Structure formats: structure tokens, C-alpha cells
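Q:
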Amino acid sequence: MKSKIAFGVWEAVTIMVILFCTQVFLDFPRTMVENAGNAGWILVIYVTIIVLLLFAIMSKLYSRFEGMDILDISEYLAGNVGRIIAGMVFLVYFVFILSVVLREYAENVKTVSLPTTPIVYIMCFFAISMIVGAYAGIEALVRTSAVSVPVIIVAYISILLGVSQYFDITNLFPILGTGAKDIFINGIPKISFFSAISVLFFIAPFVKTYKNFKSVGYISIIIAGIGLTLSSLVYMLVFPYPASLENVLPLYTLARLINYGRFFQRIETIFVVIWDTVAMLYLSTVLFLTVYVFKKTFKLVYYKPLIIPFTLIIVTVSLIPQSYMSVVELENRYFRRIIWTVSFAFITLIMLAAILFKKRRKRRS
Amino acid sequence: MGKGSFRIFCLVLISALMLIMFTGCFDRREVDDLAYVIAIGLDKGKTNFLKMTLQIAVPLAVGSGNEGGGGNGNKSVILTTIETPSIFSGLNMANNYLSKEINLSHAKVVVFSEELAREGIQKYINALKRFREVRGNTYIVVSRGSAEEYLRSIKPLLEVNPAKFFEMNLSSYRYTSFTAGSKLLDFQLQQTSSGSQPVVTLASTGKFESSDEFNLEGSTYKEKDRSIPLEGDFMAGNIPRVGDLKSEIMGIAVFDGAKMVGELDGGEVTYYLIVNGSFDNFYFTFADPLHEGDYILVSIYTGRPPLSKMNMVEDKPVIDLDIKLEGDIISIQSGENYEDINKLPILEKTVEEFMKKEMERFLYKTSREFKSDICGFGKQMKKKFIDWNEWEKFNWLSKYKDAEFNVNIDFKVRRPGLIVRSTPVYTSEGKVAPK
Numbered sequence: 002m003k004s005k006i007a008f009g010v011w012e013a014v015t016i017m018v019i020l021f022c023t024q025v026f027l028d029f030p031r032t033m034v035e036n037a038g039n040a041g042w043i044l045v046i047y048v049t050i051i052v053l054l055l056f057a058i059m060s061k062l063y064s065r066f067e068g069m070d071i072l073d074i075s076e077y078l079a080g081n082v083g084r085i086i087a088g089m090v091f092l093v094y095f096v097f098i099l100s101v102v103l104r105e106y107a108e109n110v111k112t113v114s115l116p117t118t119p120i121v122y123i124m125c126f127f128a129i130s131m132i133v134g135a136y137a138g139i140e141a142l143v144r145t146s147a148v149s150v151p152v153i154i155v156a157y158i159s160i161l162l163g164v165s166q167y168f169d170i171t172n173l174f175p176i177l178g179t180g181a182k183d184i185f186i187n188g189i190p191k192i193s194f195f196s197a198i199s200v201l202f203f204i205a206p207f208v209k210t211y212k213n214f215k216s217v218g219y220i221s222i223i224i225a226g227i228g229l230t231l232s233s234l235v236y237m238l239v240f241p242y243p244a245s246l247e248n249v250l251p252l253y254t255l256a257r258l259i260n261y262g263r264f265f266q267r268i269e270t271i272f273v274v275i276w277d278t279v280a281m282l283y284l285s286t287v288l289f290l291t292v293y294v295f296k297k298t299f300k301l302v303y304y305k306p307l308i309i310p311f312t313l314i315i316v317t318v319s320l321i322p323q324s325y326m327s328v329v330e331l332e333n334r335y336f337r338r339i340i341w342t343v344s345f346a347f348i349t350l351i352m353l354a355a356i357l358f359k360k361r362r363k364r365r366s
Numbered sequence: 238m239g240k241g242s243f244r245i246f247c248l249v250l251i252s253a254l255m256l257i258m259f260t261g262c263f264d265r266r267e268v269d270d271l272a273y274v275i276a277i278g279l280d281k282g283k284t285n286f287l288k289m290t291l292q293i294a295v296p297l298a299v300g301s302g303n304e305g306g307g308g309n310g311n312k313s314v315i316l317t318t319i320e321t322p323s324i325f326s327g328l329n330m331a332n333n334y335l336s337k338e339i340n341l342s343h344a345k346v347v348v349f350s351e352e353l354a355r356e357g358i359q360k361y362i363n364a365l366k367r368f369r370e371v372r373g374n375t376y377i378v379v380s381r382g383s384a385e386e387y388l389r390s391i392k393p394l395l396e397v398n399p400a401k402f403f404e405m406n407l408s409s410y411r412y413t414s415f416t417a418g419s420k421l422l423d424f425q426l427q428q429t430s431s432g433s434q435p436v437v438t439l440a441s442t443g444k445f446e447s448s449d450e451f452n453l454e455g456s457t458y459k460e461k462d463r464s465i466p467l468e469g470d471f472m473a474g475n476i477p478r479v480g481d482l483k484s485e486i487m488g489i490a491v492f493d494g495a496k497m498v499g500e501l502d503g504g505e506v507t508y509y510l511i512v513n514g515s516f517d518n519f520y521f522t523f524a525d526p527l528h529e530g531d532y533i534l535v536s537i538y539t540g541r542p543p544l545s546k547m548n549m550v551e552d553k554p555v556i557d558l559d560i561k562l563e564g565d566i567i568s569i570q571s572g573e574n575y576e577d578i579n580k581l582p583i584l585e586k587t588v589e590e591f592m593k594k595e596m597e598r599f600l601y602k603t604s605r606e607f608k609s610d611i612c613g614f615g616k617q618m619k620k621k622f623i624d625w626n627e628w629e630k631f632n633w634l635s636k637y638k639d640a641e642f643n644v645n646i647d648f649k650v651r652r653p654g655l656i657v658r659s660t661p662v663y664t665s666e667g668k669v670a671p672k
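If you read the protein sequences in the order shown, they are chains S and A.
What the first sequence shows, in this note's numbering, is residues 2 to 366, in sequence order.
What the second sequence shows, in this note's numbering, is residues 238 to 672, in sequence order.
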């Protein structure tokens, strides 16, 4: 696919970092503690290394399909049927993750800021920003993220540094947390936390060259890995295991602790600002991708008329779980355990099959 | 601007305005409609589980600089006491008769009565930590006696703002070393820790009405084989002092999990803070080694963070503590020229020996008497374990009661204050050399 829209490596890196790191502002640090105890930060490093290795393999496979996205490759492999099957798989994935994340953000806003506001009312505001973002398109979204991400990083680092007075290095011991098996064997499916890697295979045509694609992948995984590791490490330095299992919103809880004298306190407001910025960028980008994938899967001409119907579907789906606890359960127990099969295995299989198909066709011709 | 672009512009504008204006509709709360609780006191109730006392700020009085708590006239706080089954049901009941809605987002302190603390305060801590208005840096205090009485005795004479009174009073441990900065978050983390136990600042109402009533009945100096008490040999409520301020803080309550198991006086808290390295500096008094009846006062601060080494010998923990302290001379009553480079080691050695003895007394008290690792040695011990299962099986807190301590204190005087040497006094009988 040749796209008229193009953006640079930095813009693409920032949007990928947003997609990877959204979880930091939800429950990521606590989830790591649930998986490996106080060694959750080691688990993040381990998972990042695995993802880098997997991306090395995936990008090598992708090198034969420069300028194509994963739907183009599916179409190349199996024609319209291939494209539609692949498109439907990703559509289900995007709608599901979008619904879950939307509900989580809305529930958390309700918990920390607007306790008496109905959840639907809060969701409406998220939905409006999603619609506006998706209408503006991917180019506007990546440019916005290119401007926002440096500010978000500075605010994020200030929160992490702000709680340094509470650091207790002994919280990191016993060094292997709940055990080596939990980190190195049970931890492997946690590569699902990088499931947004699949987005890279949709925006690949926008970054034009294979070299850019590779740079975006490596740089964004490394930056996200550092960001995710820091969040887990700082959380664990402040909250000892097993008390670290308790907090609904780890980063918000950390931000609430910042207190330097009588005048520099209650700075969690900074957190709320970056939290909402990240939410807006994430939700808008994934909504855009959802309608983009739908449009491309069914070869439609326009994607904009799909935005409002899809937003309604997503808001409705996100309201299905009974409670916040069931959303978290759904995400961590089921979604994060299996989604790597779509983001890593499925994409790799499509590319592998397409390469074999290409070779066979060459041989025949 | 085309018609399409104009419509998009209007849509974005309307959306942006909606986002700004309507977000807080449901949760709108006028500051003027809220009653800000500054302190919560919890006692055992007579007719119900809890007797809860709320100290609520009167913002207009705070703004106009009127007097604080227990006084008359336009008070900057009001107090109300209510019997209730739980904290939050009590707040609900109080909302019923107060004109404004109670809000805890500015609560500075939660006071538990000793009686309640000895029964265990886990359920109250769990309730508080879950509630979004309560912050982790809210102080926790145990009142020797009734929490209600303590809160009613508070009269922040030097502060117009009652919240500032608590903030400053309860953080004074950094320069007094007589209490600990016990906050809700610390308690929450330590009560769930398998390597350390919580402590809470002790508070009370002064027991003396006039200076004629002063006595040393409540002092701990006899337990320490001293002829007269030093400044830290008291717990809250027993300090021989009178004045307009009735409330006082001194010492800490020691907890095993969430149950109070004992008390430490102000002097013992000093050693607790030294082991934890959590103080700025404090004045330290000790007997002059060369002149009986005279005292030397030094200002002490940490040279380096304290080091502890842990070993298990025959299933008993052996803890080696290496503490490096520095100090400045504040006062030498005898006038002895300890500033002299040759005499300085005498002073330093005296401090080291005195502190070592007191430190060991304190540490054995925590292990043998209270069986509570308040200094968090278990957190160091944890480093020797590879994973959490092994550590939990080891069960450090059950082993701490048998711990042996080897304390090494290294004290160095760095500065003599504004006087570089003590000079003799001239009298009608001639020059009187230092004693």
C-alpha cells in the first residue's frame, strides 16, 4: 500500500510509546507484583528482552514486505479471504482492548476524582475526545503525541523522582521475588504487555522505509521497556511486597505521596493531567486503527462515517462487565494471557506463510 | 473557511467547551459547603464500638487569626464527639447534625486511645487507607489515656492554623528525637511487613496543673540506674511542666502487627531514630566523665547511614550494628577544656560508651520484652534469601525475640560551637580553674 500520509521515526516512536506505556497509568506495576512479587521489575526487563528478540525475528520477516501493512500481506497470502480473516481478528482485538481500557480509565477517574458522577457520563467525555481524535486522523494524532510525549516523560520522571524520599532498597529483596519460575517461565506470556507491537504492522506504510520501521520498533520497545521497568522498580522501592498488591492505581498512589514541605504537596494533579493526555491519545489512536482496519478489511472508501458507530459499540461493550474488578480480571486473567498469540504469533505466522508462498510462486514462475 | 471546515471547527469548539464546563457537574462541591476535619480521635465507646472525636477547622476563624482549640471566644476549631459502630458511619451521623458536609482531605492526624491500640487497630487502618480523601502522610498518634481528652487539650497557641500545629508538632522529632514520624502509610506498610513492625508517636495531656505538683513518678530514670532523669526519660503525660499548652507528645508506642505491645520513652526513641537514621540532629546530654554532677551537651547528627550485618548463629539472629555519629559541642557545664585536641577523645569515648550501653538496653527491650522488630532488621535479613517462599518459611519475626546485638558506636566531635577553649573564671579569690 502506498500512503500519502507520512510521518517520521520520532512521531511514530512517540505514538508507539504511548500505546505500550498506557498500562503504566492503570495497573501495570501492581500486575507485575502479582506475577513475580517484589521481583516484578526483573520480570519487566526479562519480558522487554524477549520482545526485542521477537521483534528482531518479526522485522527480519517483514523486510520482504516493505511498504505493506499486515492486511496487505494477508491479502497477498490468501486474497480477500486472507485479508478479511486477518482484519476480523485484529478488529476483535482492537474493540476488546479499547473497551477494556476505556472502562478502566473511566472507572479510575470515577474512583479518584469524580466519585458521584455516573460512569456513562464520564465515558461520554472520553468518547468525545476519541471521536475528535479519530476524525483528525493518524497524522494529527502522531503529531500531537510527538508534542505531548516529551512533556509526559518529564512529568512522569518528576513523579518517580518525587517519591525518592520513600525509597527503601530492602523492598527489592528477596531478589527473585516469588521465585525464578514465576519470572522466567510463567513470565513468558507477559509479552502480551507489548501487544501493541501489532499496531506497528499497521502504521508501517506511513513510516515508508523498512529502515524506519525497524528503528521505530527497536526505539519504542526500548523506551517503553525503560518506562515500564522504572514504574515497577519505583513502585516496589516504595511499597514493600505484599503491601504492593493492594493499590488500585499504583502510579496515582505514588503521586499522592509526594510531599516536600508545606507548600509542595498534593501534586497528583500533574498525574491526572498526564493520565488524561495519555488516555486521550491511546483511545483516539486505537479507535482510528479500528475504523481504519474495518475500512481496509472490507475495502470501503471512507472511514470517518464509521467512527461514531464504532464508538457506540465500544462504549456499549465496555459497560458489559459488572464491576471494575471484573474488568481487571478479564484483562489480566484472560486477555493478557492469550493476546500474544495475536500480536506476535499470528503476525509472525502470516509473514512466514507469505514468504513461503512468495518463494513457491517464484519457483513456479 | 469552507462549510465543511466550519462545521468541524464548531464541533471541536463545542466539544472542548463541554469538556471544560461539564466535567465536574455531578461532583461539584463548594469549598464553603465542606467541613474540614483536622484531627480524628478514636476511643472505645460506652454505648457502641467507637467513640469518635472530630476536630473540625473553622475556616473564617483561621483566616482572621483567632485562637485555637481548647480556648474560648472565636475558636479556629470546633470539636464534636459521637459514639458509633465505625469511623465512616460516625462521619455519616456527624453529617446529620453539622451544617456542612464532612471532608477528610485535610485530616492531619488520627489519634487512637491506648486502650484501642492494645486491642488492635488494623480494622481502622484498613478503613482509612481505602478512603480516597485520607492521605498516606496523615500522622497516627496513640494517646496515653483518652483520645478525646487529648484532642480537647490541644490549644495551638503559636499557630493560628490548627492543621499547621499538627504538621509542625508531629514532625518535631527530626530535631528533638523524642518521637517518631509515624504516618498512616508507614503503619500500613509495616503492619503488613514480614521484616519490620510499626511504631506510633505517644501523646497525652500533661498531668500537672501547677509547678508545685511536679514529681518524677512517671519518669523512667530509675530503670536506667540514673540519679536524676535526663531530658528523654519521660513518656507523654509525665513531663514535669505546666503552661497554657496542655497537650504533649513524647515516646512511641510499639506494635506487634497492629496491636500495641509496649511503650518506649523519649530517650529510647532517640536510639530508635539513630538505628533508622531518620533524624536531622538533636541535643544529647550525658554526665561529665571528669566532674561528677556536671553534664555535657552536644548536638548530634548522622555521620554515615547506620550499617547492620545479620547472621544466624545456632538459629539465633546475631546483629552487628555499626553507627557513625558526629556532633558539635553545645555546653560544658564544668568548664573543662574538652575542646583541647588531647582531651577531645575523653569526651568522644564517654559518648560512645554511654550510647552503646543505652542502645543495647533499647535493642534488647525491643527483642526480649516486646518481641517486635521495630528497627526493621528483618529487611536486611531478607537480602540473604533468594525468593519469597524461603523468606516466609524462615519466619523472621518469630526469631527476633532471640536476637543478640553487637553495637559499635563511633562518635567524632566536629566543631566546638562559638567557643574554641574554656577559660578560667576570675573571682576575688583569684583565678578559678575549670573544676
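For glycine and all other residues, C-beta sits at the position ideal for the given N, C-alpha and C.
In this text, all values refer to a predicted model and were calculated from it rather than measured experimentally.
To the nearest angstrom, how far is it from the Cα of residue 93/S to the Cα of residue 87/S?
A: The residue labelled residue 93/S in the question sits at position 92 within the first sequence. The residue labelled residue 87/S in the question sits at position 86 within the first sequence. In a straight line, the C-alpha of residue 93/S is about 10 angstroms away from that of residue 87/S.
Q: Kindly give me the distance between the Cβ atoms of residue 52/S and residue 192/S, rounded to whole angstroms, as I take these residues to be in contact under 8 angstroms.
A: By one-based count along the first sequence, residue 52/S stands at place 51. By one-based count along the first sequence, residue 192/S stands at place 191. That pair is a contact at about 5 angstroms.
Q: Counting only C-beta atoms, is residue 379/A closer than 9 angstroms to chain S at any point?
A: Counted from its first residue, the second sequence places residue 379/A at position 142. Taking Cβ atoms only, chain S never reaches closer than 9 angstroms to residue 379/A, which makes this a no.
Q: Let's see if you can read the secondary structure: which residues bound the beta strand (DSSP E) around residue 272/A?
A: For this step, residue 272/A is matched to residue 35 along the second sequence. That run of the beta strand (DSSP E) goes 271-281.
Q: So the alpha helix (DSSP H) residue 617/A belongs to, where does it begin and stop?
A: By one-based count along the second sequence, residue 617/A stands at place 380. Unbroken alpha helix (DSSP H) run through residue 617/A: 614-618.
Q: In terms of residues, what are the limits of the alpha helix (DSSP H) holding residue 81/S?
A: By 1-based counting over the first sequence, the position of residue 81/S is 80. 71-113 is the span of the alpha helix (DSSP H), which, as asked, contains residue 81/S.
Q: Can you tell which of 324/A, 625/A and 480/A has the C-alpha that lies nearest to the C-alpha of residue 449/A?
A: On the second sequence, residue 449/A is found 212 positions in, with the first residue counted as 1. Ranking the options by Cα distance to residue 449/A, first place goes to 480/A.
Q: Determine, for residue 402/A, whether the minimum Cβ-Cβ distance to residues of chain S falls below 9 angstroms.
A: The residue labelled residue 402/A in the question sits at position 165 within the second sequence. It does not: the Cβ of residue 402/A has no partner Cβ on chain S nearer than 9 angstroms.
Q: In chain order, what residues of the same chain have a beta carbon less than 8 angstroms from the beta carbon of residue 416/A, not counting five sequence neighbours either side?
A: As a position in the second sequence, residue 416/A is number 179, starting the count at 1. Taken in chain order, the residues that qualify are 407, 409, 410, 438, 439, 486, 487, 488, 489, 503 and 506.
Q: Check residue 375/A in the structure and name its three-state DSSP category.
A: Start at 1 with the first residue of the second sequence, and residue 375/A comes out as number 138. In the structure shown, residue 375/A sits in coil (DSSP, three-state: anything other than H, G, I, E or B).
Q: I need the straight-line Cα distance from residue 612/A to residue 513/A, nearest angstrom please.
A: Walking along the second sequence from the start, residue 612/A turns up at place 375. Walking along the second sequence from the start, residue 513/A turns up at place 276. So the two alpha carbons sit approximately 6 angstroms from each other.
Q: Can you list, in chain order, the residues of its chain with a C-beta nearer than 6 angstroms to that of residue 309/A? Leave out the 5 residues immediately preceding and following it.
A: Position 72 of the second sequence, counted from the start, is the residue given in the question as residue 309/A. Low per-residue confidence applies at residue 309/A: pLDDT is 43, beneath 50, and the placement is therefore not dependable, though the value from the model is reported in the following sentence. Nothing meets the Cβ criterion.
Q: Closer than 9 angstroms, CB to CB, is residue 252/A near chain S or not?
A: For the purposes of this step, residue 252/A is taken as residue 15 along the second sequence, with counting starting at 1. So, interface residue.
Q: When you compare the stretch 194-204 of chain S with the stretch 59-78 of chain S, are there three or more beta-carbon pairs, one atom per stretch, that lie closer than 8 angstroms?
A: Touching, yes.
Q: Roughly how many whole angstroms lie between the Cα atoms of residue 346/S and residue 560/A?
A: Start at 1 with the first residue of the first sequence, and residue 346/S comes out as number 345. Start at 1 with the first residue of the second sequence, and residue 560/A comes out as number 323. The straight-line gap from Cα to Cα measures roughly 56 angstroms.
Q: Would you verify that the beta carbon of residue 249/A is, or is not, closer than 9 angstroms to some beta carbon of chain S?
A: Here residue 249/A refers to the residue found at position 12 of the second sequence. Interface residue, yes.
Q: In three-state DSSP terms, what is residue 675/A?
A: A question about residue 675/A goes unanswered here, because the residues of chain A that appear run from 238 up to 672.
Q: DSSP state of residue 651/A, grouped into three classes?
A: In the second sequence, the residue the question calls residue 651/A occupies position 414. The answer is strand: DSSP assigns residue 651/A an E or B state.
Q: Taking only beta-carbon atoms, is residue 24/S less than 9 angstroms away from chain A?
A: Locating residue 24/S in the first sequence gives position 23, where the first residue counts as 1. No, its Cβ sits nowhere closer than 9 angstroms to a Cβ of chain A.
Q: Considering only the alpha carbon of each residue, which of 473/A, 657/A and 426/A lies closest to residue 457/A?
A: Looking up residue 457/A in the second sequence gives position 220. Nearest C-alpha to residue 457/A: 473/A.
Q: Just to confirm before moving on: does the CB-CB distance between residue 294/A and residue 275/A stay below 9 angstroms?
A: By one-based count along the second sequence, residue 294/A stands at place 57. By one-based count along the second sequence, residue 275/A stands at place 38. Against a cut-off of 9 angstroms, the Cβ pair of residue 275/A and residue 294/A comes out as a contact.
Q: Can you grab the Cα-Cα spacing for the pair residue 272/A / residue 339/A, in whole Å?
A: Along the second sequence, one-based indexing puts residue 272/A at 35. Along the second sequence, one-based indexing puts residue 339/A at 102. Their backbone Cα atoms lie some 5 angstroms apart in a straight line.
Q: Pull up the distance between the alpha-carbon of residue 434/A and that of residue 319/S, whole angstroms please.
A: Within the second sequence, residue 434/A is the residue found at index 197, counting from 1. Within the first sequence, residue 319/S is the residue found at index 318, counting from 1. C-alpha separation (whole angstroms): 43 angstroms.
Q: Helix, strand or coil: how does DSSP classify residue 455/S here?
A: The requested residue 455/S does not occur in the structure, where chain S is confined to residues 2 to 366.
Q: Measure the C-alpha to C-alpha separation of residue 333/S and residue 251/S and round it to an integer number of angstroms.
A: On the first sequence, position 332 is the one that residue 333/S refers to. On the first sequence, position 250 is the one that residue 251/S refers to. Their Cα atoms are separated by approximately 16 angstroms.
Q: Could you tell me which chain A residues have their CB closer than 7 angstroms to the CB of residue 257/S, listed as they occur along the chain?
A: Here residue 257/S refers to the residue found at position 256 of the first sequence. Ordered by position in chain A, the residues that pass the 7 angstroms Cβ test against residue 257/S are 372 and 373.
Q: Indicate whether at least one CB of chain S lies closer than 9 angstroms to the CB of residue 438/A.
A: The residue you call residue 438/A lines up with position 201 of the second sequence. For residue 438/A, the answer is no, since every Cβ of chain S falls outside 9 angstroms of its Cβ.
Q: Would you please verify whether the beta carbon of residue 539/A is less than 9 angstroms from any beta carbon of chain S?
A: Taking the second sequence and counting its residues from 1, the one referred to as residue 539/A is at position 302. No - not a single Cβ of chain S is within 9 angstroms of the one on residue 539/A.
Q: Only counting the same chain, and skipping five residues up and downstream in sequence, which positions put a Cβ closer than 6 angstroms to that of residue 359/A?
A: Position 122 of the second sequence, counted from the start, is the residue given in the question as residue 359/A. Here the set comprises 495.
Q: Whole angstroms are fine: how far does the CA of residue 54/S sit from the CA of residue 17/S?
A: Within the first sequence, the letter at position 16 stands for residue 17/S. Within the first sequence, the letter at position 53 stands for residue 54/S. Cα to Cα, the separation comes out at about 18 angstroms.
Q: Could you pull the DSSP bridge partners for residue 561/A from this structure?
A: Position 324 of the second sequence, counted from the start, is the residue given in the question as residue 561/A. Paired residue(s): 541/A and 647/A.
Q: Do residue 420/A and residue 174/S come within 9 angstroms of each other at the CB atom, strictly closer than that value?
A: Along the first sequence, one-based indexing puts residue 174/S at 173. Along the second sequence, one-based indexing puts residue 420/A at 183. Cβ atoms of residue 174/S and residue 420/A: not closer than 9 angstroms.
Q: Would you say residue 1/S reaches chain A, if we count a Cβ-Cβ gap shorter than 9 angstroms as a contact?
A: Residue numbering for chain S in the displayed model covers 2 to 366; residue 1/S lies beyond these limits and cannot be assessed.
Q: Note the first and the last residue of the continuous alpha helix (DSSP H) segment covering residue 409/A.
A: Mapped onto the second sequence, residue 409/A falls at position 172. Careful: residue 409/A lies outside any alpha helix (DSSP H) and carries neither H nor E.
Q: What does DSSP give as the partner residue(s) for residue 265/S in the beta ladder?
A: Locating residue 265/S in the first sequence gives position 264, where the first residue counts as 1. DSSP lists 261/S as partners of residue 265/S.
Q: Residues of chain S with CB closer than 8 angstroms to the CB of residue 430/A, please, in chain order.
A: The count along the second sequence starts at 1 and reaches residue 430/A at position 193. Going along chain S in sequence order, the residues near residue 430/A (Cβ under 8 angstroms) are 241 and 244.
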